[in-house]
Every structure is written in structure tokens, then in C-alpha cells.
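To start, the structure under review is shown below, and the notes come after it.
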Amino acid sequence: MLDRTPELIAFDLDGTLVDSSPDLADAVDAMLDRLGLPAAGEPRVKGWIGNGVDMLVKRALTGDTWPWDEPPRFDEALTMFMDLYEANVCNRSCLFPGVGEGLKQLRAAGFRLACVTNKHSRFTRPLLDRLGVLEFMEFVGCGDQFEKHKPDPCPLLKTAEWFAVEPSRSLMVGDSANDVKAARAAGFMVVCVPYGYHGGSGVECLEPDAVVSSLTELPALFRKAV
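Quick note: the sequence shown uses my numbering, first residue 4, plus one each step.
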């Protein structure tokens with residue numbers, strides 16, 4: 004349960020606002036095909052999302068969740084993937100249910116909104132724009148714009164600084180351990196959604212302050228804050 008109402012709400016992108024796994028998987032498999040490697044398939048790719056484009060490509064090339072070394076042909080594969088995904092960033096991706104309405108409600112209520120993601124800026128703004136929710140975000144922070152990625156607190160601290168809002172008055176909404184760890188380290192409150200790419204056991208095991216099944220539930224959650 005939240006003990007205060009936030010001034011700033013920062014949202015993760017993949018798995019929180021947008022189901023992007025279909026287009027990411029298509030781009031990964033097209034890249035692998037050009038390299039003469041077997042397709043990974045969407046179920047595997049879904050488990051690889053969330054740590055930035057470099058890590059996604061390394062995982063696709065090696066099949067390992069945490070590859071230690073840079074795989075052969077990495078630079079070639081990364082360039083190939085970037086081009087393929089940019090050209091097909093929003094073919095099958097869609098907002099999760101309640102996202103559009105939830106963001107609209109929150110902006111109408113006066114909350115300041117941001118998207119903070121490990122995704123590259125080359126894809127983030129076009130994706131948000133194509134799905135009609137870029138207009139709700141005062142600030143969009145991407146993986147290539149910060150010195151470090153989530154779960155490091157840097158992206159959230161820089162976002163709070165941009166808004167001139169104290170971290171203690173800020174909320175992170177996400178779907179993964181990266182989001183919770185970054186929020187805790189930054190001093191943000193944190194709420195999780197259960198429908199994203201966390202995988203395995205439910206998001207409750209991450210011990211967020213609250214879990215909501217839809218962003219439309221956030222206003223009621225804030226009204227209950229002490």
C-alpha cells in the first residue's frame with residue numbers, strides 16, 4: 004500500500020505500457036535468419052526483453068540469458084537488428100488493456116508523467132507516438148540517454164531531477180525486478196503490473212508497494228494513500 008500520493012509517475016515501457024514482444028521477436032528471428040541461425044521464437048524472446056538492445060542481441064546470438072562474452076558477429080548483428088526493428092517497430096505491438104484510458108485519467112488529474120525505459124530512443128518515441136500515448140508524457144528517458152540502465156537508479160534519479168520532484172514524491176510503475184530494484188535504490192515508491200514480462204512467479208514476490216491489474220486502478224490506489 005502507498006503511504007503518500009506521488010507528484011511524478013514514471014512508467015516502464017515494454018511489458019508495462021506496451022506488449023512489444025511480437026515485433027521484437029519478428030526482428031530477432033529475421034536477424035537470425037540472415038545470419039544463418041535458427042529462429043528463437045516469441046516465447047524465448049519475451050524472456051529476453053528488458054535489459055536494452057545490446058543485451059537482447061547477445062541473448063539471441065548465444066541463447067544465454069546472461070552471456071559473459073561478446074559473441075562473434077555481434078556488431079554486424081546489432082546493426083542488422085536495429086534496422087529491422089526500426090522498420091517494423093509497431094506492426095503487431097499494442098497497448099496493454101487500460102493503458103490509454105489510465106494515462107488519460109492521470110494527466111487529467113494533474114499528475115506529471117514520464118516513460119523511463121532501457122529501450123533505445125531510436126524505437127521508443129516512434130512506438131509511443133504510433134500507439135497514441137506520446138502526448139501524455141512530459142519526459143521520455145531511454146537507455147541510450149543515461150550513463151547506466153535500470154536496475155541502476157540513475158535513470159529514475161535523472162528523471163526526478165528533470166522534473167524537480169523529490170524521489171520520495173515519485174512513483175515507478177513497472178513489471179519486472181529491474182523496475183523494483185531501480186525504484187528502491189532511487190527512493191521511489193513502486194507499483195507493479197502482473198501482465199508483463201516478469202515470468203516465473205508473480206510480481207508479488209518482488210515486494211512492490213502495490214500491484215494493480217490495470218493503470219485505470221491507480222487513481223483509486225492514490226485515494227487510499229495515507
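In this text, a Cβ means the ideal position worked out from N, Cα and C, and glycines have one as well.
{"Item": "Relative to the C-alpha of residue 2, which candidate in 162, 96 and 109 has its C-alpha closest?", "Value": "A query on residue 2 cannot be resolved here, the shown segment of the chain reaching from 4 to 229 and no further."}
{"Item": "Leaving out five residues before and five after residue 81 in sequence, what residues of the same chain have Cβ atoms less than 8 Å from its Cβ?", "Value": "56, 57 and 60"}
{"Item": "Check the DSSP bridge columns for residue 142 and list the partner residues they point to.", "Value": "117"}
{"Item": "Can you give the beta carbon distance from residue 135 to residue 117, rounded, assuming they're within the 8 Å contact cut?", "Value": "Not really, about 17 Å apart at Cβ, beyond 8 Å."}
{"Item": "Less than 8 Å between the C-beta atoms of residue 200 and residue 178, yes or no?", "Value": "yes"}
{"Item": "If you count every other CB in all the chains shown that lies within 10 Å of the CB of residue 175, and 16 or more means buried, which is it?", "Value": "buried"}
{"Item": "Would residue 231 be called buried (16 or more neighbouring beta carbons within 10 Å of its own) or exposed?", "Value": "Residue 231 falls outside the range modelled here, since the chain spans only 4 to 229, and no answer is possible."}
{"Item": "Which residue from 219, 64, 149 and 131 puts its Cα closest to that of residue 22?", "Value": "131"}
{"Item": "How is the alpha helix (DSSP H) around residue 50 delimited, first residue to last?", "Value": "45-51"}
{"Item": "Going by DSSP, name the residue or residues bridged to residue 194.", "Value": "176 and 213"}
{"Item": "By DSSP's criteria, residue 13 is part of a beta bridge. Which residues make up the other side?", "Value": "117 and 175"}
{"Item": "Are residue 26 and residue 125 close, meaning C-beta to C-beta below 8 Å?", "Value": "no"}
{"Item": "DSSP three-state call for residue 1: helix, strand or coil?", "Value": "Residue 1 cannot be examined here, being either before or after the span of the chain that is shown, 4 to 229."}
{"Item": "For residue 72, which three-state DSSP category applies?", "Value": "coil"}
{"Item": "Quick check: the Cα distance between residue 133 and residue 93, rounded to an integer number of angstroms?", "Value": "7 Å"}
{"Item": "Could you name the residues that DSSP lists as bridge partners for residue 97?", "Value": "22"}
{"Item": "When DSSP labels each residue in this structure, what does residue 85 get in the three-state scheme?", "Value": "helix"}
{"Item": "Start and end of the alpha helix (DSSP H) containing residue 104?", "Value": "102-111"}
{"Item": "Please confirm whether any heavy atom of the ligand ATP lies closer than 7 Å to the CB of residue 8.", "Value": "For the ligand ATP, the structure offers nothing, since it holds no ligand at all."}
{"Item": "Is it right to say residue 71 is buried, meaning 16 or more other beta carbons lie within 10 angstroms of its own, or is it exposed?", "Value": "exposed"}
{"Item": "Alpha carbon to alpha carbon, how far is residue 38 from residue 213?", "Value": "43 Å"}
{"Item": "Helix, strand or coil: which one does DSSP assign to residue 228?", "Value": "coil"}
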